[in-house]
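S.K.: Below are the structure tokens for one structure; questions will follow.
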Amino acid sequence: MSLNSFKEILKPCNQSSSSSSSSSSSYSLIINDRKPPKSSLSQQLLRLEHVYDSFPTLRSTQQSKQPQPTDVVLETEFEDNEEEEFKDNGFRIAKPKLEIFDPTGPYEPLILSESGDNPIVQVPASINCRLLEHQREGVKFLYKLYKKNHGGILGDDMGLGKTIQAIAFLSAVYGKEGEYGETTSLKGNEGDKKGPVLIICPSSVIQNWEAEFSKWATFSVAIYHGANRDMTFEKIETHGLEILITSFDTYRIHGNILSAVNWEIVIIDEAHRLKNEKSKLYEACLAIKTRKRYGLTGTVMQNKIMELFNLFDWVVPGGLGTREHFRDYYDEPLKHGQRSSAPERFVQVAQERRKHLVSVLNKFLLRRTKEETIGHLMMGKEDNVVFCAMSEVQKRVYRRMLQLPDIQCLINKDLPCSCGIPLKQVECCKRTVPNGVIWPHLHKDNPDGCDSCPFCLVLPCLTKLQQISNHLELIKPNPRDDPDKQRKDKDFASAVFGTDIDVVGGYTQNESFMGLSDVQHCGKMRALENLMSSWILHGDKILLFSFSVRMLDILEKFHIRKGYSFSRLDGSTPTSLRQSLVDDFNSSPSKQVFLISTRAGGLGLNLVSANRVVIFDPNWNPAHDLQAQDRSFRFGQKRHVVVFRLLAAGSLEELVYTRQVYKQQLANIAVSGKLEKRYFEGVQDCKEFQGELFGISNLFRDLSDKLFTSEIIESHDNKQGAEHQVVSGEKQSLSDVGMCFLPEQARETFCLDSESRKPFDKDTTERIVPVNDELGIVYAHRNEDIISHGRERDEKQEVGTSTQIQPHLPHKPTVLSENGNGSSRAHKMKQYRLVAKFMGMEVVEFSKWVLSASVVERKRVLQNYRRRKRRVQP
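Dropping the structure here:
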């Protein structure tokens, strides 16, 4: 290629044709306002590769990690006379060298195949130029497994772009040219042609997958769902389709038809749905005829370690051995090694098996978190767990519920039967509960009971306890239900309301608008009212999640009474309207609150305009609550996100939360290989070590006389030699326990003072005293302070020190040892009181302000305080 041809190729797009002809021996060295082409820039440069040797030097200079394509400067070395010729024609030469682009930047070609392979496999430039670095690594990971004829799991956190990584991987494998949509990898012999791709996903995201394929690639895509299934299948048989998308339910029903196809690749979105080996979906997926099976999920493990085996045994059949081997070698040692009182040898074996399991999983699993990948692009997230005091009438109703014959039968099931026969009550006279409130309605057609009696009562009783913990209106008959269910609910309400029937407004649902939205009889709503009033005042936008649609109805009435502008999304919201609701909330400054059903809002919602998230009722599965949080905390969020999980103190919800902690810790141990604190004595699925978490007796235990979660955490701290909550030799006052809302530099996990933790007098009826009557909050902490999030480190370092990181502070973070002296805490509390005084507030009032303030506002107050302090000092 001649020099003049090289100049013509590099000529700017905005140069006129006349100037091009008049300056054929020169070219502009600065390209302005030029967007990256859809075809790969690397391909243009490869066409000029043989020209590089004709110049003395061609090199690239790295000026930034992410160069802007509109500011690319091209420079080259020439002879002196040629340089003068360019100057005479009015062109500026900056330096005698060629700066092309940063080789680590987003426009470097993403070549997946190894050197020497033919044809070259690479991601189309139209996709590659928009991938983030972690997404590039994800595509490389998938292709590496593909070349080895293995399956794998892409386990990135929600919001990190697993869908686009999968599409980029498929586009590279099928040789898609980003601009023209040709499939180069299918242009070989008949034996070289690849089969179609099957994608199985939740029905709620089928349209999203189709839209993403349309946006990013040029595959022929069809949906196998609904009435046109047969026509779509005919296209697959005639090789007229490359991508087939179907739902879990459709594949479960028609899997025998689809499994007959020789699929090249199978991708399952939300792959944790394969956690149950006994489900029909799992059995249907095992019949898929390909070893190239890939799962996409942000929650690789949700409840049990054995779920890992089920998932990976589908992805890589036999990769983790047999089910019995996995249970004996990994599952049991890891669970028993996490027991709080486990012998040292148990702990050592668990550590060895943990490391071994992680090393095996890492061959087939790529797991990244937001903090590791895009954390530097976001302001961060706080996950606060707030324990709210139940109202007085809630407490009385809750205790009456525990005294019902149905629950007493479950609690006393293992006691000797009173009839004198040497059998347990559950095996003898107390197997059925004819005098119960719930049991007769469950067995009205079978007075002798069912095969699972009395354990058939467990789920209905748990549901009722959770309803009482949330709001008393939930246990009243619903006018929309059938007459039989209304009659059953009325009988139950009569039994648990007792003498408080007039206080709660009778047995029927409160039809009064003001009465239904009243917060006096609901502890969590009372706390929510105080929190939201502060947030709305500061212009925050709020996501409010609840698992119950009836609870959303009550919250909706509450928002109308308060005058808050809100949107609502639940299972009854048409799929076609959901995205418009999301867009309206994100774009409208007037929309302050979004009410969302946890079941309907788990997938496909991007609500980055909100910076406050409230989980009104916890779920047994921690993944549900974590997914709800991630609706706001994802790429594009510009503000610091603060999450509040509201729990009814002294109720079943405390046990729900502690089981969440237990499950999250096991997941961190098994999947990420992290060291976790050993809080609990209970061992999952082990009757010998039910501890404080497992077993029916724990489910229906009265927790109203203790701070259940707080005491477990404090007990662990005491075992580790942590200091008691004493500040400068003085007991910590209730006002100082508030607290959980301290800013990062002064925040710690506080409990009530030692006087409050003494056994209660027998005549004392008020077991839990709120920290503040106005807030109605008993206790609170940050979830990240309870569950470890650090990477695997040296065990001695992990046990020896505890580092608190405050990323939003301009000064060096405070490092405290596990046995840190009391003077550090005393100094921090003293400084906190001084800042509160500087603001003209009491400690609790200032804590409420800190709760609602943004990071910028906190910094500004601290700067003003320090500035004034320097002026006062001599």
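When you read off a place in the sequence shown, starting at 1, and then add 380, the result is the number in my numbering. A virtual CB, placed ideally from N, CA and C, is assigned to each residue, including glycine. Small disclaimer: the values here were computed from a predicted structure and weren't measured.
#1: Would you call the stretch 648-663 and the stretch 674-686 touching, i.e. three or more CB-CB distances under 8 Å?
#2: Rounding to the nearest angstrom, what Cα-Cα distance links Leu666 and Tyr604 in this structure?
#3: Please report the Cβ distance between Asp629 and Ser583, rounded to the nearest whole angstrom; I am assuming they are in contact, meaning their Cβ atoms lie under 8 Å.
#4: Alpha helix (DSSP H) containing His514: first to last residue?
#5: Note down the Cα distance separating Pro499 from Ile916, rounded to an integer number of angstroms.
#6: Taking its Cβ as the centre, do 16 or more other Cβ atoms sit within 10 Å of Asn850, making it buried, or is it exposed?
#7: Mapping DSSP to helix, strand and coil, what is Pro863?
#8: Going by C-alpha distance, which of Tyr1159, His619 and Cys581 is nearest Gly575?
#9: Around the Cβ of Asn1244, are there at least 16 other Cβ atoms within 10 angstroms (buried) or fewer (exposed)?
#10: Just the Cα atoms here: how many angstroms apart are Tyr1059 and Glu1034?
#11: Beta carbon of Phe877, beta carbon of Arg779: below 9 Å?
#12: The alpha helix (DSSP H) spanning Leu839 covers which residue range?
#13: When you compare only the Cα positions, how much space is there between Gly816 and Leu803?
#14: Thinking C-beta only, is Leu896 closer than 9 Å to Lys937?
#15: Consult DSSP for Thr626 and reduce its assignment to one of helix, strand or coil.
#16: Are the beta-carbon atoms of Lys1057 and Ser968 separated by less than 9 Å?
#17: Quick check on Arg1247: buried or exposed, where buried means 16 or more other Cβ atoms within 10 Å of its Cβ?
#18: With a cut-off of 8 Å on the beta carbons, I'd call Val727 and Ile645 a contact; round off their distance for me.
#19: Buried or exposed for Ser1236, going by 16 or more other Cβ atoms inside 10 Å?
#20: Since His939 contacts Val973 with CB under 8 Å, what's their CB separation in whole angstroms?
#21: Tell me whether the beta-carbon of Glu891 lies closer than 9 Å to the beta-carbon of Val899.
#22: Do Val601 and Ala552 have their beta-carbon atoms positioned less than 9 Å apart in this structure?
#23: In the structure shown, what three-state DSSP assignment does Ser771 receive?
#24: Following the continuous beta strand (DSSP E) through Tyr674, name the residue where it begins and the one where it ends.
#25: Three or more C-beta pairs under 8 Å: does that hold for the stretch 1034-1051 against the stretch 791-809?
#26: Short of 6 Å in beta carbon distance, which residues of its chain neighbour Val738, apart from the five on each side in sequence? Order them along the chain.
#27: Scan the stretch 718-780 and note each continuous beta strand (DSSP E) run of 3 residues or more that stays entirely inside, going in chain order.
#28: Determine which residues share a DSSP beta bridge with Gly532 and list them.
#29: DSSP on Val1021, reduced to helix/strand/coil?
#30: Taking the alpha carbon of Asp536 as the point to measure from, which residue in Gln847, Phe946, Gln545 and Asp708 has its own alpha carbon closest?
#31: Buried or exposed: which applies to His901, given that a residue is buried once 16 or more other Cβ atoms fall within 10 Å of its Cβ?
#32: Check whether the Cβ of Cys797 lies closer than 8 Å to any heavy atom of the ligand ADP, and answer yes or no.
#33: Helix, strand or coil for Pro814? Go by DSSP, reduced to three states.
#34: Considering only the alpha carbon of each residue, which of Tyr1042, Phe744, Gln502 and His756 lies closest to Asn683?
#35: Do you know offhand how far Met905's Cα is from Asn966's?
#36: Can you grab the Cα-Cα spacing for the pair Arg1250 / Ser1090, in whole Å?
M.R.: With the structure as the only source:
#1: yes
#2: Position 286 of the sequence shown holds residue 666. Position 224 of the sequence shown holds residue 604. For Leu666 and Tyr604, the distance between alpha carbons rounds to 19 Å.
#3: The residue given as residue 629 occupies position 249 in the sequence shown. The residue given as residue 583 occupies position 203 in the sequence shown. Contact holds; Cβ gap of about 7 Å.
#4: As a first step, residue 514 is located in the sequence shown; it is residue number 134 there, counting from the start. From DSSP, the alpha helix (DSSP H) with His514 extends over Glu513 to Lys527.
#5: As a working mapping, residue 499 is identified with position 119 in the sequence shown. As a working mapping, residue 916 is identified with position 536 in the sequence shown. Whole-angstrom Cα-Cα distance: 59 Å.
#6: As a first step, residue 850 must be located in the sequence shown, where it is residue number 470. Looking at its Cβ environment, which holds 16 or more other Cβ atoms inside 10 Å, Asn850 is buried.
#7: Counting from one through the sequence shown, the residue named residue 863 turns up at place 483. Three-state result, Pro863: helix.
#8: Residue 575 sits at position 195 when you count from the first residue of the sequence shown. Checking every option, the nearest Cα to that of Gly575 belongs to His619.
#9: In the sequence shown, residue 1244 corresponds to position 864, counting from 1. That one is exposed.
#10: For this step, residue 1059 is matched to residue 679 along the sequence shown. For this step, residue 1034 is matched to residue 654 along the sequence shown. If I take the Cα positions, the gap works out to 14 Å.
#11: Here residue 877 is taken as the residue at index 497 of the sequence shown, counted from 1. Here residue 779 is taken as the residue at index 399 of the sequence shown, counted from 1. Contact flag unset, no.
#12: If you number the sequence shown from 1, residue 839 lands on position 459. Unbroken alpha helix (DSSP H) run through Leu839: Val838 to Asn850.
#13: One-based indexing of the sequence shown puts residue 816 at position 436. One-based indexing of the sequence shown puts residue 803 at position 423. Approximately 22 Å between the Cα atoms of the pair.
#14: Residue 937 sits at position 557 when you count from the first residue of the sequence shown. Residue 896 sits at position 516 when you count from the first residue of the sequence shown. Cβ atoms of Lys937 and Leu896: closer than 9 Å.
#15: Position 246 of the sequence shown, counting from 1, holds the residue named residue 626. Strand.
#16: Here residue 1057 corresponds to residue number 677 of the sequence shown, with the count starting at 1. Here residue 968 corresponds to residue number 588 of the sequence shown, with the count starting at 1. Their beta carbons are not under 9 Å apart, which means Lys1057 does not touch Ser968 by this criterion.
#17: The residue you call residue 1247 lines up with position 867 of the sequence shown. When all chains shown are included, Arg1247 counts as exposed.
#18: Taking the first residue of the sequence shown as 1, we reach residue 727 at position 347. Taking the first residue of the sequence shown as 1, we reach residue 645 at position 265. Contact flag wrong, Cβ pair sits at about 42 Å.
#19: In the sequence shown, counting from the first residue as 1, residue 1236 sits at position 856. As written in the sequence, residue 1236 is Val, which differs from the Ser given in the question. By the 10 Å Cβ count, Val1236 comes out exposed.
#20: Sequence index remark: in the sequence shown, residue 939 carries index 559 (1-based). Sequence index remark: in the sequence shown, residue 973 carries index 593 (1-based). Indeed, because the Cβ distance is near 6 Å, the residues count as touching under 8 Å.
#21: Locating residue 891 in the sequence shown gives position 511, counting from the first residue. Locating residue 899 in the sequence shown gives position 519, counting from the first residue. Contact flag unset, no.
#22: Taking the sequence shown and counting its residues from 1, one reaches residue 552 at position 172. Taking the sequence shown and counting its residues from 1, one reaches residue 601 at position 221. Cβ atoms of Ala552 and Val601: not closer than 9 Å.
#23: For this step, residue 771 is matched to residue 391 along the sequence shown. Reduced to three states, the DSSP call for Ser771 is coil.
#24: The sequence position of residue 674 within the sequence shown is 294, counting from 1. Segment Arg673 to Leu676, the beta strand (DSSP E) holding Tyr674.
#25: no
#26: Position 358 of the sequence shown, counted from the start, is the residue given in the question as residue 738. Hits under 6 Å: Gly1053.
#27: 761-768
#28: Along the sequence shown, one-based indexing puts residue 532 at 152. DSSP lists Tyr674 as partners of Gly532.
#29: Taking the sequence shown and counting its residues from 1, the one referred to as residue 1021 is at position 641. Correct three-state label for Val1021: strand.
#30: Taking the sequence shown and counting its residues from 1, the one referred to as residue 536 is at position 156. The shortest Cα separation from Asp536 among Gln847, Phe946, Gln545 and Asp708 belongs to Gln545.
#31: Position 521 of the sequence shown, counted from the first residue, corresponds to residue 901. Buried is the call here.
#32: No copy of the ligand ADP occurs in the structure displayed, which carries no ligand at all.
#33: To locate residue 814, count along the sequence shown from 1; it is residue 434. Pro814: coil per DSSP, three-state reduction.
#34: Translated into the one-based positions of the sequence shown, residue 683 becomes position 303. Checking every option, the nearest Cα to that of Asn683 belongs to Tyr1042.
#35: Sequence index remark: in the sequence shown, residue 905 carries index 525 (1-based). Sequence index remark: in the sequence shown, residue 966 carries index 586 (1-based). Taking the straight line from one Cα to the other gives about 25 Å.
#36: Here residue 1250 refers to the residue found at position 870 of the sequence shown. Here residue 1090 refers to the residue found at position 710 of the sequence shown. Distance between the alpha carbons of Arg1250 and Ser1090 is about 39 Å.
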